[in-house]
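*Asks:*
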Amino acid sequence: MQDLPKIGLVVPSYNQGRFLEEALSSIFDQNYPNLEVAVIDGGSTDNSVEIIRRYESKLVYWRSEPDGGQSAAINEGMNHCQGEVVGWLNSDDFYHNDSLWTLARAFRAHPDRGLYIGNGMRYTDATETYAPFARHHMALNRHALLYGLDYILQPATFFSRRAWDDVGGLDESLRFCMDWDLFLRISRRWPAVIVNEYLACSREYEETKTASGRMVRVEEIRAMIQKHTGEELSPGTLYYFLETILDVAVPLDIEPARHQAYASIEYLRDRWKMLYGGNHGFPEQSDERDEVYLQKRSTPARRDPIGDDADDLPTISIVVPSYNQVEFLEETLESIDDQAYSKCQTIVVDGASTDGSLEVLERWDRKLHYWVSEPDEGPAHAINKGFTVATGDIVGWLASDDLLSADALRHVAKAFADNPDLDMVYGNALYIDEEGSLFLADHGTHKTGLYYGEIQSAGLIPAYWKYVHAVPQPTVFFRRRLLEQCGMLDTSYHFIFDFELFFRFVQTAKIEKIERVQAFYRIHASSKTSDWSKFLVELFRFSRLHWPGMRQPGFAETLRDYVDNYMGRTFGGVPRDNWYRLTSAFVGFCAATGMMNPEAIRWPGNTIPRLDGSSLRRRWDRLVHWGRALLQKPEMPPTESIETTTAPAPVDYAIESRSGRFRAAFCSFFLPLSPGHSGGEIRDFHMVRKLLSFSRLDFFALYDLEPQGRDNVLDTYLESYRGPKPAHQWLARASAGSTKYSESDEWADRYHRDAAVRAQGSFWDLAEEIESFLRIGKWDFLFVSPQSNPIALSMLAESRKTRLVMASYDVESVRIERLAASTLSAELARIESERARRFETDNLEYHDGIISVSQLDKDLFVERYNFPPERIFVLENSVDQRYFSFEERQRLERPTVTFVGNLGYPPNHEAALRLVNGVFPAVREKHPDARLVIVGAGPAQDLIDFADGDTIVVTGRVEDVRVYLANTSVICAPLQTGSGTKYKILEAMSAGVPVCCTPLAAEGLSIADGEHVLIRQTDGELAEAISQVITQPEESAAMARRARALIDASYTWDANLEPLEAWLEMLQQLPLRGRSSTERRASA
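Mapping of the sequence shown onto full-length UniProt numbering: residues 1 to 1084, in sequence order.
1. Could you tell me the alpha carbon to alpha carbon distance between Leu24 and Ala1002, rounded to whole angstroms?
2. Determine the DSSP secondary structure at Arg175, reduced to helix, strand or coil.
3. Under three-state DSSP, which class holds Gly118?
4. DSSP three-state label for Met806, please.
5. Identify the residues that DSSP records as bridge partners of Ser668: which are they?
6. Whose CA, out of Glu876, Tyr846, Arg815, lies closest to the CA of Glu834?
7. How many angstroms separate the CA atom of Phe839 from the CA atom of His847?
8. May I ask you to list the residues that DSSP assigns as paired with Ile851?
9. Which class does Ala101 belong to by DSSP, given the choice of helix, strand or coil?
10. Give me the DSSP bridge partner(s) of Glu512.
11. Please go through the UniProt domain "Glycosyltransferase 2-like" (10-163) and give each complete alpha helix (DSSP H) segment of 4 or more residues, from N-terminal end onward.
12. What span of residues does the alpha helix (DSSP H) with Asn866 cover, start to end?
13. Please state whether DSSP places Ile461 in a helix, a strand or coil.
14. Quick one: what's got a C-beta closer than 7 Å to Phe282's C-beta in the same chain, skipping five residues either side?
15. Kindly provide the ranges of any alpha helix (DSSP H) runs that are 4 or more residues long and lie completely inside the stretch 194-236, ordered along the chain.
16. Terminal residues of the continuous alpha helix (DSSP H) containing Gly588?
17. Kindly indicate which three-state DSSP category Asp711 falls into: helix, strand or coil?
18. Measure the CB-CB distance between Phe699 and Leu718 and report whether it falls below 7 Å.
19. On a Cα-Cα basis, can you pick out the residue from Gly120, His411, Ser808, Ser772 that is closest to Phe783?
20. Please name the residue in Gly427, Tyr521, Thr391 whose C-alpha comes closest to that of Gly449.
21. Name, in chain order, the residues that DSSP records as bridge partners for Leu430.
22. Does DSSP classify Leu477 as helix, strand or coil?
23. Kindly indicate which three-state DSSP category Ser885 falls into: helix, strand or coil?
24. Name, in chain order, the residues that DSSP records as bridge partners for Val970.
25. Taking only three categories from DSSP, how would you classify Ser373?
26. Use the C-beta contact count for Ala1049: other C-beta atoms within 10 angstroms, 16 or more gives buried, fewer gives exposed.
27. CA-CA distance, Glu910 and Cys972?
28. Go through its chain and collect everything with a Cβ distance to Ala922's Cβ below 7 Å, but skip five positions before and after it.
29. Give me the Cα-Cα distance between Asp41 and Val900, rounded to the nearest whole angstrom.
30. Do the CB positions of Ser674 and Asp684 come within less than 7 Å of each other?
31. List in chain order: all unbroken beta strand (DSSP E) runs of 3+ residues lying wholly within the UniProt domain "Glycosyltransferase 2-like" (317-443).
32. Could you tell me the distance, in whole angstroms, from the CA atom of Thr951 to the CA atom of Gly660?
33. If distances are taken between C-alpha atoms only, which option among Gly427, Tyr883, His446, Asp442 comes closest to Pro650?
34. Can you list, in chain order, the stretches of the alpha helix (DSSP H) that have 4 or more residues and sit fully within the stretch 903-977?
35. So Phe542 is in the beta strand (DSSP E); what residue range does that whole segment cover?
36. With Glu219 and Thr102 assumed to form a contact (beta carbons below 8 Å), what rounded beta-carbon distance in angstroms separates them?
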């Protein structure tokens, strides 16, 4: 104990009783033995004093009485703490894991420093979620701290007592930025130690000073920085001012000024990235006088998370593959031995090294469970050999140049001992170089020394170009049963065998993250990880196996996304001329057909070669061949006998036009057919059908739609139909430099992908044709569907008489926020969400009315965009009760669970995988003969792979979904992200099928849990609800009848569309609201 430094902590508090207990327990639960804690309470009137008294015996001092504010309270507390290293913990924050022990190691290693800067987590009180303060390493750049942002997290930062006394503690005149001021004063005179570990959690909630201070806080920051620099305004102060402006509600007439604020913020971020290298004001490099602490050794007298004599202590087997790594092998073995974990098996599989590794292994013979030195077929083969001799309950492997961090195995053991159902754990790692120093690895958008562990969803993992692979292999440990279930490493891979194995694990395993640095991942000249191009070759080979089939809807989008990324990272600085486009087509051809692995192509100097005519001809012939291949029908998994009935008779959709009350046009992605293949198509179909009953209607389609055996009911009732022009026509106009086509690049930079991608090809020709009719006032109304259709933004007419009505499927910004959050990194999600909101703001300026999908969406349009509520018509998602006629459930020979949805839509794909991996296995435990049927277009290969044609059936697109509704026991919609499946829920309710779904799937529908459907959240709860439907047929039938009654009362298209004509008449009497894009440009 005598070599453990004394730590002094002050906890200032005032009426924080709801948080104080957690703050104090986060200190004392660590059982750090050399500690002094003072609590300074400002005279709280809640239960704070009662909580303090419970800890009184552990405190060196406490009091509760009015004081001079937080800074004065902390200074007072420091007078009662005599620690060698000190800090303060606000009573609404708390420490993370064993942070005091980590601090002690860092101080003992570097006792002559002034600042000890750690990383931390942000805890959002409202959602009870954690997010890292920084997903990258921490660094101290004094210039960045002075002229940029406060990038240091206060509760994760500590000070030597000498440095604290040297600068006189906190400035008691400061209320908001006293910590930033202290960092500046101490760092000016003292060197720092950077501790790249999550040490503390900062709580985020509405009442925090930072959240409520607003402009008062900004002015205090400005004055404080001016005191240090002598300059009235710094870039960092300006940033905080702009950030605060964006959080303040402003009048609608100056709302466009927010765009300038966003642009200024982006400029400052770009400036800091250029100056300091990091993202969002975080610097990449520390100043030379500072040290980086790497916790490679355990602290003596460290308490054990679980005792060595615990009955449930798991045996951990670690396989160390090695070949000619004598320079690092011994250090790796020492990092395992230093864990002092009594039930650890170390297994070394050496590939017949010739560099002295055998001498190291012979010295370590007594400490090794097993070792061998003989030729092998590469690291994956060597690791598999080690797995065969490992007998531990828990298994992992550690490359012979990597290291475990201090106490890593004890945290692994604790995680598995606490949760017997846990299959796998992983954590964070730090990159180190050959000398064992922190190494900054290039992650594309930034460089980082922290390998932040993060597992992607199984559906996203094959799209390796969208994210940085973030499962640090040396931190991964798993139960032996996973190997038995999923198989050994695939030895055909030499670089990504861990990536491929973890992909298999993710699909079945229960996984938990240990939020700490668990290992050190070495990057050096001879390391495999130093040549990323070899990884890319294998990543593409792995990824291509999991792409959708060529005829499946998701294929084109996946291919386009891959090619865009490939061209961007390979030829980012090359002009986007015809040669660029031709090279892009060649890359796409190779990726699609498998003729060549694009990642294996080596372009000299990353330049595009110019080809002669014969080369162009050969390339064109291959592209034609590729196009023909796209038309081939994919193979679907075989389907064994499914109980089927004769398909119900078709519904007569004859339209009787009562009058030509309005002259109107409808512009959508395509002319809707019957039956609809998506919720949007169904909605458009019934809306157009209703409009045709009282209007003369022209239809404009951005794309042609293949009927695929469906009925084109509406075409004969239209005044005219205009689809996209042939490609050679719009390509000629684009090559001629049409001003319309030039806007495509501008939109790509300004708006989110779903909107910007529409402004391609014949879109502009269609827009000009619509514009010509607007000029002459041909129509009373132009209906634009859906909400991501950007056609209104292209209108150049300076005056018009036509009212534009947006026929919305969703609030676009909300849809993109949800979709981006589930499929993108945090930064990309933020950018895409901001672009979606920018698009929606601009787009709504052109519209005079909105047809929204629910009252909830209407409220959002009003609140987010100040859209007048009288101009919004709510058309609830509905169902054609004639088409989905009610049938009483008949008990099936085999209980059948069915999911219905467009599987090319990522949230539906994710929900289907959740059903396969999480919900259905639990159902089968109670009903072994149960069957799962997944119905919908565009299933990806990873979903198809689960299908055996009997227990799990994946149908692909079907001619009539009613056949499957008639032959199922229950519909399950386990939606987790995005939006969708609501039509499928309504259709099932109309047809008399019991429904189990998540709250998100039912969002916006006026349905009650237990009355109409069963609403559950977790996999286990959904499985239990499904079992309830199967085992209680009478109660389920009664619920289905109530659900159908609700449909008849509230959710039929005919009834819900009836008020539309009257609403349009009212809208026609209101003044024109929307404006032209010419007006927008003039005001910008």
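Idealized CB from N, CA, C, for every residue including glycine.
*Replies:* The answer reads as follows:
1. 41 Å
2. coil
3. strand
4. strand
5. Ala701
6. Arg815
7. 13 Å
8. Ala807, Phe873
9. Position check: residue 101 holds Trp in this sequence, whereas Ala was assumed. Three-state DSSP puts Trp101 in a helix.
10. Val425
11. 17-28, 48-54, 70-78, 99-109, 142-147
12. It is not in any alpha helix (DSSP H) - Asn866 carries neither H nor E in the DSSP assignment.
13. coil
14. Ala134, His136, Tyr151
15. 209-229
16. 578-593
17. strand
18. yes
19. Ser808
20. Tyr521
21. Leu450, Phe520
22. Reading off the sequence, residue 477 comes out as Phe, not Leu. Strand at Phe477.
23. coil
24. Val897
25. strand
26. exposed
27. 13 Å
28. Asp1019, Gly1020, Ala1023
29. 58 Å
30. no
31. 344-350, 370-373, 394-397, 424-432
32. 54 Å
33. Tyr883
34. 906-914, 920-926, 941-944, 962-965
35. Taken as a continuous stretch (DSSP letters only), Phe542 belongs to no beta strand (DSSP E), being part of the alpha helix (DSSP H) at 532-544.
36. In fact, because the Cβ distance is near 37 Å, the residues do not count as touching under 8 Å.
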